[in-house]
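*Asks:* Below: one structure in structure tokens.
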Amino acid sequence: MRLYYHFLLILLSINLVIVPSPIFMLKAVAQNLANQKPSSPNNSFSAVFVFGDSTVDPGNNDYVSTAILKANFPPYGRDFMNHMPTGRFTNGRLATDYVVSYLSIKEYVPPYLDPTLGIEELMTGVSFASAGSGFDSLTAQISGAISIPKQLEYFKEYKTRLETAIGKKRTQILIEKAGFIVSAGTNDFVVNYFGPSNRRETYSVSGYQQFLIHHVEQLIKVRLLP
14 MRLYYHFLLI LLSINLVIVP SPIFMLKAVA QNLANQKPSS PNNSFSAVFV
64 FGDSTVDPGN NDYVSTAILK ANFPPYGRDF MNHMPTGRFT NGRLATDYVV
114 SYLSIKEYVP PYLDPTLGIE ELMTGVSFAS AGSGFDSLTA QISGAISIPK
164 QLEYFKEYKT RLETAIGKKR TQILIEKAGF IVSAGTNDFV VNYFGPSNRR
214 ETYSVSGYQQ FLIHHVEQLI KVRLLP
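The sequence shown runs 14 to 239 under the working numbering.
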């Protein structure tokens with residue numbers, strides 16, 4: 014049976030070489046929404062799963078020894094709960110935290126690599142995102158981040174863990190009703206294409222955009238949709 018997922022947002026910075034990323038505008042909108050929660054409880058989304066880069070990484074890089082980019086020091090986190098750094102590349106919550114809050118799922122999305130997460134927390138969604146990552150696996154290699162293919166491997170591992178804990182059928186229903194957020198693309202240009210790699214020798218800017226778009230299509234059609 015084919016599963017149909019809710020894709021809440023596909024935030025691509027592929028076409029944003031000369032304009033700001035929409036994730037910052039999204040955060041303002043999401044924060045607004047979080048302060049205006051729907052009057053009736055959410056029955057549409059069971060959980061939210063997040064893939065991407067620093068715009069949606071809630072702290073996975075804190076558990077990655079090779080990661081160059083980390084946000085585990087002040088002033089990061091000064092406006093978050095307990096006013097401590099959480100690994101989020103912001104002073105407070107990420108746009109994805111506001112989204113799950115608006116949906117009345119929970120107050121924030123935790124990093125999948127946090128070893129303290131219990132089954133209840135896992136069941137309502139996690140983020141697999143890693144600062145410095147991108148749709149091009151070479152981008153993650155340059156920054157020592159978790160590549161998107163690896164993030165998808167973690168997602169498969171997640172499903173296995175859930176099946177062990179609550180059973181295959183309940184896991185299938187949970188994922189069918191889940192929302193997926195993908196935010197990446199900027200690093201592919203900033204860190205990779207205009208950085209130390211040889212991608213510019215192989216692709217024009219428009220050619221590289223198409224290369225990334227192909228990876229996005231594969232991510233959605235082949236990897237996330239069974």
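By construction, the Cβ of each residue, glycine as well, lies at the ideal position given by its N, Cα and C atoms.
Treat the numbers as computed from the prediction; the structure is a model and nothing was measured.
1) Are three or more beta carbon pairs between the region 124-140 and the region 210-224 nearer than 8 Å?
2) How is the beta strand (DSSP E) around I233 delimited, first residue to last?
3) Taking the alpha carbon of E230 as the reference point, which residue from F202, A191, F148, N205 has its own alpha carbon closest?
4) Return yes when the C-beta of S196 is under 7 Å from any heavy atom of the ligand FMN, and no when it is not.
5) By Cβ distance, which residues of its chain are closer than 6 Å to V113, with the 5 residues on each side in sequence left out?
6) Taking just the CA atoms, how far does T68 sit from A178?
7) Of the choices S59, F58, N73, whose alpha-carbon is the least far from that of I4?
8) I need the boundaries of the beta strand (DSSP E) containing V112, first residue and last residue.
9) Using only the alpha-carbon positions, how far apart do I233 and D75 sit?
10) Would you decide whether M38 is buried or exposed? Buried here means 16 or more other CB atoms lie within 10 Å of its CB.
11) To which residues of the same chain is F86 closer than 7 Å at the C-beta, ignoring the five residues directly before and after it?
12) Under a Cβ-count criterion, where at least 16 other Cβ atoms within 10 Å of its own Cβ denotes burial, should A201 be classed as buried or exposed?
13) For a test of the three-state rule: what should DSSP assign to S78, helix, strand or coil?
14) Judging by CA-CA distance, which residue of Q185, E189, L187, Q164 is the nearest neighbour of D66?
15) Under the rule that 16 or more other beta-carbon atoms within 10 Å means buried, what is P128, buried or exposed?
16) Roughly how many whole angstroms lie between the Cα atoms of L151 and R212?
17) Tell me which residue opens and which closes the beta strand (DSSP E) that F64 is part of.
18) So S196 is in the beta strand (DSSP E); what residue range does that whole segment cover?
*Replies:* By the coordinates alone:
1) no
2) Residue mapping note: residue 233 aligns to position 220 of the sequence shown, counting from 1. From DSSP, I233 is part of no beta strand (DSSP E); its letter is neither H nor E.
3) As a working note, residue 230 is residue 217 in the sequence shown. Here the closest residue by C-alpha is F148.
4) The ligand content of the structure shown is nil, which means the ligand FMN is not present either.
5) Reading the sequence shown from its first residue, position 100 is the one you call residue 113. Contacts found: V61, K119, V122.
6) To locate residue 178, count along the sequence shown from 1; it is residue 165. To locate residue 68, count along the sequence shown from 1; it is residue 55. Cα to Cα, the separation comes out at about 30 Å.
7) Nothing about residue 4 can be read from this structure; the chain reaches only from 14 to 239.
8) Indexing the sequence shown from 1 puts residue 112 at position 99. Counting along the chain, V112 falls outside any beta strand (DSSP E), though it belongs to the alpha helix (DSSP H) covering 108-115.
9) Here residue 233 corresponds to residue number 220 of the sequence shown, with the count starting at 1. Here residue 75 corresponds to residue number 62 of the sequence shown, with the count starting at 1. Rounded to whole angstroms, I233 to D75 spans 27 Å at the Cα level.
10) For the purposes of this step, residue 38 is taken as residue 25 along the sequence shown, with counting starting at 1. With a pLDDT of 48 at M38, under the threshold of 50, the modelled position of that residue is not reliable, and the figure given next carries that caveat. Result: exposed.
11) By one-based count along the sequence shown, residue 86 stands at place 73. Cβ within range, chain order: P98.
12) On the sequence shown, residue 201 is found 188 positions in, with the first residue counted as 1. According to the sequence as given, residue 201 is Asp; it is not Ala. So D201 counts as buried.
13) Taking the first residue of the sequence shown as position 1, residue 78 is located at position 65. Here S78 sits in coil by DSSP.
14) Here residue 66 refers to the residue found at position 53 of the sequence shown. Measuring from the Cα of D66, the nearest candidate turns out to be Q164.
15) Walking along the sequence shown from the start, residue 128 turns up at place 115. Exposed: under 16 other Cβ atoms inside 10 Å.
16) Here residue 151 corresponds to residue number 138 of the sequence shown, with the count starting at 1. Here residue 212 corresponds to residue number 199 of the sequence shown, with the count starting at 1. When rounded, the distance between both Cα atoms is 9 Å.
17) Taking the first residue of the sequence shown as position 1, residue 64 is located at position 51. Run containing F64: 61-65, per the beta strand (DSSP E) assignment.
18) Translated into positions along the sequence shown, residue 196 becomes position 183. Note, S196: beta strand (DSSP E), 192-197.
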